[in-house]
Amino acid sequence: MSSRTLPLLFINLGGEMLYILDQRLRAQNIPADKAKKVMNDIITTMFNKKFLEELFKPQELYSKKALRTVFDRLAHASIMRLNQASMDKLYDLMTMAFKYQVLLCPRPKDILLVSFNHMDAIKDFVKDTPSILRCSDFQLIRQTLLIFFQDMHIRVSIFLKDKVQNSNGRFGLPTSGPVPHGTQVPGLIRIFSCTGEEKTRLQFNNGGNYTSAIREGSFEIFGDRVTKLGTNMYSVSRPVETHMSGTSKSSAQHTKVNTAPNPLAKEELNMLARLMGGLEVQKAGSSDTAFRVNLFATDEEEEEALITRPDELSYGIINIQATKDQQVSAELTKIMGEFTDSGHQSPSSSSKGDDLLAMMDDL
Amino acid sequence: MFHKEKSIQIKNSASALYNNLSVLRIAPRRLTYFTVVHANVVNMVSASWDGLNYSHRQLQSKEPNVATSTSLIMQAAFCVLPSRELLVVTSQKGIQMYESDGSIMVYWHALDTPETPTAQAVFARGIAAVSENYVCVGVSSGAILVFDVPSKGSNITLSEVLEEHKESITDIAAECSGSQVLLAVANLVTVDDGGSLCVWKSGEEFQLLNKIAGLDISCSSVKLWKGTVVAGYGSGQIRIYEAVTGILQSEINAHARWIYSLDIAPFSGLLLSAAEDSFVRVWHLSVTPETNSVEVAHLHNECVTDTQICGAKFCDGDGYAFAVTGYDLSEIIRYTQT
């Protein structure tokens with residue numbers, strides 16, 4: 001599938017994450033200066049040059065687990081702290097929102113407009129913008145993204161209220177409204193003679209209620225994107241809940257990819273370690289500046305959510321200790337050295353990935 | 001005209017891929033096979049005609065070596081040749097061919113995948129059986145691989161590589177009317193992501209008969225019937241061309257979103273189109289070769305609520321019944337004529 005999907009996935013999910021965090025920071029009345037610092041720290045980390053360089057290299061999409069780990073780190077790139085349940089909920093909201101946007105994009109290249117909406121909101125720019133991709137490239141990216149989001153049907157209260165999502169967790173696809181730019185309203189059959197003249201014109205009932213395409217959104221750095229997909233749908237007054245119950249039935253049909261031993265694991269871990277080497281993490285020590293953000297209305301709700309989360313919906317985060325910290329890296333190298341010497345772990349190859357994996361299993 | 005029947009449940013949901021449903025009718029055993037792709041797995045269901053027995057099987061994409069990443073499947077399709085039937089599965093790593101019940105893999109062809117991923121994706125997509133003994137498969141580079149298939153056994157060989165398309169192949173179709181007269185002329189059409197169409201005549205060396213340039217709108221699905229090319233596009237249009245001359249015979253503003261699947265019932269001329277707009281439409285096509293004219297009539301709409309359809313196929317040559325798959329749906333929806 002498309003090897004250019006990861007940056008788009010990351011930027012859009014990152015954008016949604018910032019919308020949600022911004023809403024929670026305001027809802028919890030976090031002092032303005034602290035809130036601003038949190039947003040700045042996260043945005044700076046997201047657009048860190050080295051990080052982006054890694055991200056923009058053509059590569060396959062990370063697994064759900066791996067991507068979730070990256071966002072865990074990103075969320076903790078500031079003085080803000082999130083409990084497991086809140087982080088789970090944050091990630092649920094981010095992924096379902098972007099899934100909705102990808103699915104409803106009238107044309108595949110509109111994914112770029114959605115990305116611009118997110119980036120406009122972040123008010124920061126990626127210096128090395130990728131070369132403009134063709135329409136069909138975007139369809140492949142879109143198909144790759146849809147495979148990534150397959151079988152996720154977590155219900156989001158704001159979507160349910162707006163009737164964007166049904167009670168079974170599926171998104172509503174309207175059969176009315178403007179057709180995408182470049183498409184004609186369905187209903188016309190034209191027959192031509194062999195000289196190219198139109199011989200016959202027939203109409204048929206399209207079964208929907210479509211109107212002609214409206215103006216195309218701008219693909220420039222600044223401009224009217226026209227589409228609302230990717231704009232901020234949160235506000236302080238609209239608390240956003242997610243619902244797990246009733247989704248377990250569809251989750252049961254999830255392929256058992258996550259539980260089977262994953263041969264990709266060590267390759268992914270190497271990529272992750274490289275990527276995270278560029279992500280600075282605030283020491284979670286200084287209690288005077290650090291504070292916790294709750295995605296739920298009360299602490300009790302948050303605790304409850306962690307306990308009642310269905311197993312098949314848990315994200316299974318990997319804890320990687322790969323930091324830029326000199327002392328820690330020295331430790332790591334020493335430990336890895338010990339492993340290869342004593343032949344402690346499984347008899348397979350002594351590649352770096354295997355060592356990392358074995359080390360984590362022992363942690 | 002059509003009413004909904006009981007759906008067939010499948011083990012996984014369908015992925016958003018073009019032409020994501022293949023159907024094989026096995027009259028002697030009163031069975032029909034269906035295949036639906038989910039990420040790196042092909043779900044196969046064998047359904048008895050009396051509706052009482054369903055059996056399931058899953059095929060995985062082949063991992064040539066464990067250290068490399070999982071290979072996503074782009075398409076699975078049945079290939080019917082006079083002497084045998086195969087199930088061909090195309091993925092990011094290569095092409096697998098199985099006996100039609102999915103029991104044994106008889107052939108594997110690896111694609112040239114680079115060590116580190118490049119900006120240009122690598123995969124195989126577009127499958128068709130043509131003439132007595134050929135199976136053609138498209139590649140993301142635009143090449144068409146022609147495989148020579150013996151009447152039995154696994155001695156399948158790569159006979160030729162056709163390099164005409166500049167964009168990724170999206171679909172391939174062989175002449176399905178059964179007319180020997182037409183088969184002697186043009187019997188294969190290949191289409192790509194740029195909307196270009198190539199018409200070929202099969203043989204020891206395939207001959208390019210015609211090339212119709214695309215308008216940079218992807219052609220996602222194509223059929224060839226009675227010397228007529230029926231093509232579905234990302235813009236939601238269906239265009240009908242005379243294969244040999246390339247003359248545009250009809251243009252239909254058929255769907256409000258990207259078309260994902262087309263099918264033709266060769267005995268009746270019924271045409272099926274399905275798109276991301278949730279609609280499946282049934283048309284009637286009639287072709288008069290003597291006057292080089294076609295007639296198209298719209299017959300019926302089915303809306304699969306809140307579903308982006310990714311596969312639609314007739315279950316028989318008359319078009320008496322058809323089946324539909326949709327993204328994120330774990331069922332095959334069926335309709336039969338009233």
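First to last, the sequence lines map onto chains S and U. Take 1 as the starting number for the first sequence in full-length UniProt numbering and just add one per residue. Take 1 as the starting number for the second sequence in full-length UniProt numbering and just add one per residue. Idealized CB from N, CA, C, for every residue including glycine.
Asked                                                                                                                     : Found
Straight-line Cα distance separating U/ARG257 from S/VAL185                                                               : 10 Å
Pair within 8 Å by beta-carbon distance, S/MET11 and S/HIS118                                                             : The residue you asked about is not Met; residue 11 of chain S is Ile in the sequence shown. Cβ distance < 8 Å, so S/ILE11 and S/HIS118 count as in contact.
U/ALA213 and U/VAL222 closer than 8 Å at C-beta                                                                           : no
Residue burial classification, U/ALA173 (beta-carbon count within 10 angstroms, cutoff 16)                                : buried
Distance between U/CYS310 and U/SER218 (C-alpha atoms, nearest Å)                                                         : 15 Å
Contact between the segment 60-76 of chain S and the segment 209-218 of chain S (3+ Cβ pairs under 8 Å)                   : no
Simplified DSSP state of S/GLN184, which is helix, strand or coil                                                         : coil
Cα-Cα separation, S/MET152 to S/ARG142                                                                                    : 16 Å
Cβ of U/ILE8 within 8 Å of any chain S Cβ                                                                                 : no
Given S/SER167 as reference, the closest of S/GLY177, S/ILE154 and S/VAL179 once Cα atoms are compared                    : S/ILE154
heavy atom of the ligand SAM below 7 Å from S/ILE154 C-beta                                                               : Ligands displayed in this structure: none; no statement on the ligand SAM is therefore possible.
DSSP state of S/PHE171 mapped onto helix, strand, coil                                                                    : strand
Range of the contiguous alpha helix (DSSP H) that encloses S/MET94                                                        : 84-104
Helix, strand or coil at U/THR157 according to DSSP, with G and I counted as helix                                        : strand
Nearest-angstrom Cα separation, counted from U/CYS176 out to U/ALA27                                                      : 18 Å
CB contact check: U/ASN19 to chain S, cutoff 8 Å                                                                          : no
Proximal residues of chain S, C-beta to C-beta of U/GLU331 below 8 Å                                                      : Simply none; closest approach about 11 Å.
Own chain residues within Cβ distance below 8 Å of U/VAL161, not counting five before or after                            : ALA143, ILE144, LEU145 and VAL146
Pairwise C-alpha distance: U/ASN43 and U/VAL36                                                                            : 5 Å
Cβ-based contacts, 7 Å cut-off: residues of the segment 140-164 of chain S near chain U                                   : LEU140, GLN143, LEU146, ILE147, GLN150 and ASP151
Cβ distance (whole Å) where U/LYS226 is taken to contact U/SER179 below 8 Å                                               : 7 Å
Chain S residues whose Cβ lies nearer than 9 Å to that of U/SER15                                                         : GLN143, LEU146, ILE147 and GLN150
Partners in chain S for U/ALA129, counting only beta-carbon separations shorter than 9 Å                                  : Neighbours of U/ALA129 on chain S: none; closest Cβ ~25 Å, over 9 Å.
Distance CB(S/MET17)-CB(S/ALA75) smaller than 8 Å                                                                         : yes
Minimum Cβ-Cβ distance from S/GLY14 to chain U less than 8 Å                                                              : no
Nearest residue (CA-CA) to U/CYS198, options U/GLU204, U/GLU163, U/LEU183 and U/ALA184                                    : U/GLU163
For U/CYS136, the residue or residues it bridges with in DSSP                                                             : U/ALA128 and U/VAL146
Min CB distance U/HIS109 to chain S below 8 Å                                                                             : no
Neighbourhood of U/CYS287 by C-beta distance below 6 Å, restricted to the same chain and skipping five residues each side : Checking the sequence shown, residue 287 of chain U turns out to be Val, not Cys. Within the same chain, U/VAL287 has close Cβ partners LYS226, THR228 and VAL294.
Amino acids of chain S, ordered along the chain, whose beta-carbon sits closer than 9 Å to that of U/LEU169               : The residue asked about is misnamed: residue 169 of chain U is Ile in this sequence, not Leu. By Cβ distance, chain S contributes nothing, its closest Cβ being about 11 Å from U/ILE169, past 9 Å.
U/LEU208 burial status per 10 Å Cβ neighbour count (16 or more: buried)                                                   : exposed
At least 3 beta-carbon pairs within less than 8 Å: the segment 85-105 of chain U vs the segment 48-62 of chain U          : yes
Inter-residue CB distance, U/THR325 and U/SER278 (contact presumed, cutoff 8 Å)                                           : Between U/SER278 and U/THR325 the Cβ distance is about 13 Å, and since that is not below 8 Å, they are no contact.
Neighbour list for U/HIS284 in chain S, Cβ cutoff strictly below 8 Å                                                      : Ordered by position in chain S, no residue passes the 8 Å Cβ test against U/HIS284, which lies about 11 Å from the chain.
Closest by C-alpha distance to S/LEU53, when choosing among S/PRO7, S/ASP41 and S/ASN29                                   : Just to set this straight, residue 53 of chain S is Glu in the shown sequence, not Leu. For the residues S/PRO7, S/ASP41 and S/ASN29, the minimum Cα distance to S/GLU53 belongs to S/PRO7.
Any C-beta of chain U under 8 Å from that of S/SER115                                                                     : no
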